[in-house]
Amino acid sequence: MDWTQLLSAARRLAGAQEPWISASEASEYGLDLLAGAEFDGLSDQQRKILLMHGEMWLTQPRWERASLLGLLRKQLNTYLLFDLPESIRVDLEEILRELELRGV
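Residues 628 to 731 (the numbering used here) make up the sequence shown, in order.
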């Protein structure tokens, strides 16, 4: 798992339309975030943020689309504060623009 894979998972989650797909993607994304807490170069605080964010996705069996997209956007905005490589930052900003276009 790396940032590219994590952002790919976020993009899949953002594109999930059906409630059962959203629930499945949300759980997978949460597990990806938990795995992401092991990324090299993260501070203790950043690791805790990824763990906390991952746990949020594992607490609900079903998600309303607006809630799912709102939480995803808030979390992705948090990662802009991390010291990420430029290419990852660009991808992250692109996903955030896509969410904005969806009205989130």
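Note that beta-carbon positions come from the ideal geometry of N, C-alpha and C, so glycine has one too.
- Cα atoms of D710 and Q672: separation of roughly 13 Å, rounded to the nearest angstrom.
- Between the beta-carbon of L698 and that of R729 there is about 14 Å, and that puts the pair past the 8 Å contact cut.
- Remark: fewer than three beta-carbon pairs, one from each stretch, lie closer than 8 Å, so the stretch 638-645 and the stretch 664-671 are not flagged as touching.
- Its chain contains S649, E652 as the residues whose beta carbon lies nearer than 7 Å to that of A643, once the 5 sequence neighbours on both sides are disregarded; these appear in chain order.
- Assigned with DSSP and collapsed to three states, D667 falls in coil, not helix or strand.
- About 6 Å separates the CB atoms of L719 and L703; that is less than 8 Å, so the two are in contact.
- Under the 10 Å beta carbon count, D659 is surrounded by 16 or more other beta carbons and is classified as buried.
- When DSSP states are grouped into helix, strand and coil, T705 belongs to the helix group.
- Under the DSSP assignment, A637 falls in the alpha helix (DSSP H) whose first and last residues are 630-642.
- The straight-line gap separating the alpha-carbon atoms of S714 and R674 is approximately 21 Å.
- The DSSP-derived three-state label of G697 is helix.
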